[in-house]
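*Asks:* Quick one: the structure is below, and I'll ask about it shortly.
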Amino acid sequence: MLRRPNGVPVPHDYRSVDTVSQPVHQAQPRIFLVGRPGAGKGTQGARLAQRLDVQYVSTGDLLRKAIEARTPLGTAIEKVINSGNLLPAELIISLVESCIEGDSYVLDGFPRTVAQAVAITSQASNSPPIAIEIAIPTNVALDRLTHRGRSDDDITIARRRLVVYETETVPMLNYLQSCGLLHRIDGDAPADIVEQTIWQRVSVVLSSSHPEPAVTMPEQHHSHADSASLFGAVAAG
Ligand code: AMP
Numbered sequence: 000m001l002r003r004p005n006g007v008p009v010p011h012d013y014r015s016v017d018t019v020s021q022p023v024h025q026a027q028p029r030i031f032l033v034g035r036p037g038a039g040k041g042t043q044g045a046r047l048a049q050r051l052d053v054q055y056v057s058t059g060d061l062l063r064k065a066i067e068a069r070t071p072l073g074t075a076i077e078k079v080i081n082s083g084n085l086l087p088a089e090l091i092i093s094l095v096e097s098c099i100e101g102d103s104y105v106l107d108g109f110p111r112t113v114a115q116a117v118a119i120t121s122q123a124s125n126s127p128p129i130a131i132e133i134a135i136p137t138n139v140a141l142d143r144l145t146h147r148g149r150s151d152d153d154i155t156i157a158r159r160r161l162v163v164y165e166t167e168t169v170p171m172l173n174y175l176q177s178c179g180l181l182h183r184i185d186g187d188a189p190a191d192i193v194e195q196t197i198w199q200r201v202s203v204v205l206s207s208s209h210p211e212p213a214v215t216m217p218e219q220h221h222s223h224a225d226s227a228s229l230f231g232a233v234a235a236g
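Counting from 0, one number per residue, gives the positions in the sequence shown under numbering that gives the first Met the number 0.
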């Protein structure tokens, strides 16, 4: 069942582009979708969650929902988003923590920093998470963002978001790669093709991974221990 937090239905019929006849099997698929702004994480995240029948969580959607509520926190969040910067790790981690309903999910837009990655990969689980990077070049990202019409897609803000991606998110990709969790997909293609590529890769990884007794990812960055502990409650619960 697909649970989009903003209630927007996902009309796509995934069966029309299915390339793997049998459903994949892993006890608790945990997938992170990462990529430059404009990479198509929202579209692909919703489709993938539907295929896997797991919860879909988009941090951007959650934050925009908080803005719509017109609370003081929502106003503060809006300012940060419209500056092109990232929300503080503690806030975003507890937001994700409070939204995750079980052991299986597709996360869109989280993690985005090393601290966030350490926090989420520290969750005890029977199987390692799978991080999919939907890779598009910067010029394609800029072109897509400036034709999308969202309030944080203004050219100046879009440029800032791309700089933040290089400084905050690229190191996180390196971290996930060093953990052997990162899979890079070419995102500079029509959405249906990207969807097939992601599905093929996820299917292979899920069908080749054998659930083991609870695995906790090694904590490599001690300075992020506080963030990691925020997810301890989720892991325990
Ligand atoms: P998105 O819809 O994923 O492009 O996110 C829109 C904006 O929400 C980002 O530019 C950030 O300001 C904020 N945001 C979303 N996810 C995160 C995150 N994991 N960490 C910090 N800020 C985030």
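Here a beta-carbon is modelled for each residue, glycine too, at the ideal position from N, C-alpha and C.
(1) List the endpoints of the continuous beta strand (DSSP E) containing I131.
(2) Quick one: what does DSSP say Q27 is sitting in, helix, strand or coil?
(3) In the DSSP assignment, find the alpha helix (DSSP H) that holds S177 and state where it starts and stops.
(4) Should G59 be counted as a contact of the ligand AMP given a C-beta to heavy atom distance under 7 angstroms?
(5) Comparing alpha-carbon positions, which option in T168, V79 and P28 lies nearest D52?
(6) Please determine whether the Cβ atom of Q115 lies at a distance below 7 angstroms from any heavy atom of the ligand AMP.
(7) Which term fits G39, buried or exposed, when burial requires 16 or more other beta carbons within 10 angstroms of its beta carbon?
(8) Any heavy atom of the ligand AMP closer than 7 angstroms to the CB of F31?
(9) Just confirm the distance between the C-beta atoms of R200 and I131, as a whole number of angstroms; I'd bet it's less than 8 angstroms.
(10) By a C-beta neighbour count over all protein chains shown, 10 Å radius and 16 as the cutoff for buried, is V36 buried or exposed?
(11) Starting from I184, trace the alpha helix (DSSP H) both ways and give me its first and last residue.
(12) Is it the case that the segment 57 to 74 contacts the segment 171 to 185, given that we only count it when at least three CB pairs across the two stretches are under 8 angstroms?
(13) In chain order, what residues of the same chain lie with their CB nearer than 8 angstroms to the CB of A188, ignoring the 5 residues before and after it?
(14) Given this structure, state the Cα-to-Cα distance separating I135 from D185, to the nearest angstrom.
(15) For S126, count neighbouring Cβ atoms within 10 angstroms of its own Cβ and tell me buried if that reaches 16, exposed if not.
(16) Would you list the one or two residues that DSSP bridges to L106?
(17) Can you check whether the CB of D107 is closer than 8 angstroms to the CB of V56?
(18) Cβ-heavy atom distance between G108 and the ligand AMP below 7 angstroms?
(19) Is the separation between the beta-carbon of Q238 and that of I92 shorter than 8 angstroms?
(20) From this set, M171, L172, T145 and P170, which residue's C-alpha is nearest R159's C-alpha?
*Replies:* So, from the listed chains and residues:
(1) I129 to A134
(2) coil
(3) Unbroken alpha helix (DSSP H) run through S177: V169 to S177.
(4) yes
(5) When each option's Cα is compared against that of D52, the closest is P28.
(6) Within 7 angstroms of the C-beta of Q115 there is at least one heavy atom belonging to the ligand AMP.
(7) buried
(8) no
(9) 7 angstroms
(10) At residue 36 the sequence reads Pro, which differs from the Val that was named. It counts as buried.
(11) Unbroken run through I184 is the beta strand (DSSP E), L181 to D185; no alpha helix (DSSP H).
(12) no
(13) If the five residues before and after A188 are omitted, its C-beta is found closer than 8 angstroms to the C-beta atoms of T196, all from its own chain and listed in chain order.
(14) Near 7 angstroms, if we compare the C-alpha coordinates of D185 and I135.
(15) buried
(16) Paired residues: F31 and V56.
(17) Yes; because the gap between Cβ atoms is below 8 angstroms, this pair is in contact.
(18) yes
(19) Absent from the model: residue 238. The displayed extent of the chain is 0 to 236, so no value can be given.
(20) T145
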